[in-house]
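The next block holds one structure in the form of structure tokens; read it before the comments.
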Amino acid sequence: VASLEDHIQSLEASDLPDSRTIRSDLARLEMQNAELARVTEPLDANQLRDRFRELALTHRIRVDRIERRTRTSASRESRSSAPVAREAAAFSMSLRGAYSDMAEFIQAVHAEPGINRITGIRISSPSAEEKGHVSAIVETSHLRLHMPVAAQPAQKKGRKS
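Under the numbering used here, the sequence shown has 859 at position 126, and the numbering climbs by one with no breaks.
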């Protein structure tokens, strides 16, 4: 009994975190886990295409076409256990609208949640019949994190004696 009391006293005297600290740390880890799950989930190209159309409507941009591009980057296997960003989808959009609306649309695409990159923008001068408007080709790349499996060390076969 005396050793148990000594053990309890030593635990009380140690700098163990209180329950409030543990709950706070647990909540922080759960938020990080949810964010990691969000950026590693498979990308739905149709939802992304629909989102582009919604943004274009919001910013008064006419969409002439949205095409999915083939992958531009080769996937390389990683021996690291760190997450690796890989291209999950890429699009090319042909658009028309006022220059200021086009700039706002491009910013909105860039600011969308996830790992999005504008990889190319080509803006052409307005045509005579559409004074004040521009035509643009906007190319995007959308990345997702992949969690590679850490390389397992080769197991040596044991010898029987």
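Ideal placement from N, C-alpha and C gives every residue a C-beta, glycine not left out.
Query, Result
"Inter-stretch contact (C-beta, 8 Å, three-pair minimum) for the segment 830-847 and the segment 783-802", "yes"
"Simplified DSSP state of D797, which is helix, strand or coil", "strand"
"Simplified DSSP state of S747, which is helix, strand or coil", "coil"
"Between the CA atoms of R819 and V842 - distance to the nearest angstrom", "19 Å"
"Sequence-distant residues of its chain with Cβ nearer than 6 Å to R850 (five each side left out)", "S874"
"Environment of D834 [buried if 16+ CB atoms lie within 10 Å]", "buried"
"Pair within 8 Å by beta-carbon distance, M764 and I799", "no"
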